[in-house]
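Participant:
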Amino acid sequence: MSPTSEKAFPVSWDQFHRDARALAWRLHGAGPFEAIVCITRGGLVPAAVVARELEIRLIETVCIASYHDYQNQGELIVLKEIDPKIRALGDGSGAGVLVVDDLVDTGKTARMVRQMLPKAHFATVYAKPQGRPVVDTFVTEVSQDTWIYFPWDMGLTFQPPIRNGASG
């Protein structure tokens with residue numbers, strides 16, 4: 001899936017904030033959670049919103065690179081592991097840990113983190129069909145052939161009307 005796909009789903013900062021808060025509402029009943037592990041970089045923004053809304057102060061990152069050229073998903077590379085103190089929660093299973101990301105696409109990254117924290121609760125703002133079985137909670141499903149344009153990847157530019165041939 002790449003930015004040249006037919007379907008585009010642009011997300012504004014306002015919309016993303018609303019969707020991240022909606023994720024927090026859904027997660028409220030699934031806790032309590034002792035810690036959040038956000039998958040960087042996409043999980044940083046929703047994790048901040050969820051941490052605030054659920055009043056979770058213990059926040060960790062796991063750094064995994066999968067999109068090396070912003071277009072094609074490649075080999076997964078763990079750049080930073082989860083702190084052993086967080087991995088030790090729930091008797092080493094990750095129970096009581098909330099894992100947050102912006103999107104589950106194919107599920108490869110989530111599966112890798114699931115191996116690290118098998119009993120953690122996985123939550124994403126957006127989910128595509130191939131990755132959906134890997135997450136426990138999400139807000140919006142988009143088709144597999146849709147490219148999500150996140151607000152942190154966008155600048156303010158003119159968009160031609162759809163009728164004039166624009167794809168999104």
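Just so you know, we're using the UniProt record's numbering here: the sequence shown kicks off at 1 and counts up by one. We put the CB at the ideal spot given by N, CA and C, even for glycine.
Using DSSP's beta-bridge definition, name the partner residues of residue 179.
Facilitator: Nothing in the structure corresponds to residue 179, since the chain is present only between 1 and 168.
Participant: Check whether the stretch 7-21 touches the stretch 145-154, counting contact only when three or more Cβ pairs, one atom from each stretch, lie closer than 8 Å.
Facilitator: yes
Participant: Please name the residue in T61, E6, I82, P161 whose C-alpha comes closest to that of S93.
Facilitator: When only C-alpha atoms are compared, the closest one is I82.
Participant: Around the Cβ of T157, are there at least 16 other Cβ atoms within 10 angstroms (buried) or fewer (exposed)?
Facilitator: Result: exposed.
Participant: Do you know how far the Cα of D102 is from the Cα of P46?
Facilitator: 6 Å
Participant: Kindly indicate which residue of R132, V99, A110, E141 has the alpha-carbon position closest to the one of H121.
Facilitator: V99
Participant: Three-state secondary structure (DSSP) at M1?
Facilitator: Caution applies to M1, whose pLDDT of 49 falls short of 50 and renders its modelled position unreliable; the value that the coordinates give is listed next. Reduced to three states, the DSSP call for M1 is coil.
Participant: Could you compute how far the alpha carbon of V113 sits from the alpha carbon of S143?
Facilitator: 23 Å
Participant: Between the alpha carbons of R111 and V134, how many angstroms are there, rounded?
Facilitator: 7 Å
Participant: Quick check: what's the CA-CA separation for Y126 versus V97?
Facilitator: In this structure, the alpha-carbon of Y126 lies about 19 Å from that of V97.
Participant: Between T106 and C38, what straight-line distance do the alpha-carbon atoms span, to the nearest angstrom?
Facilitator: 18 Å
Participant: List the DSSP bridge partners of I59.
Facilitator: I36
Participant: Identify whether F16 lies in helix, strand or coil by the three-state DSSP scheme.
Facilitator: helix
Participant: Just to confirm the assignment, what range does the beta strand (DSSP E) spanning T137 have?
Facilitator: Unbroken beta strand (DSSP E) run through T137: 137-141.
Participant: Give a yes or no on whether the C-beta atoms belonging to L76 and K108 are separated by under 7 Å.
Facilitator: yes
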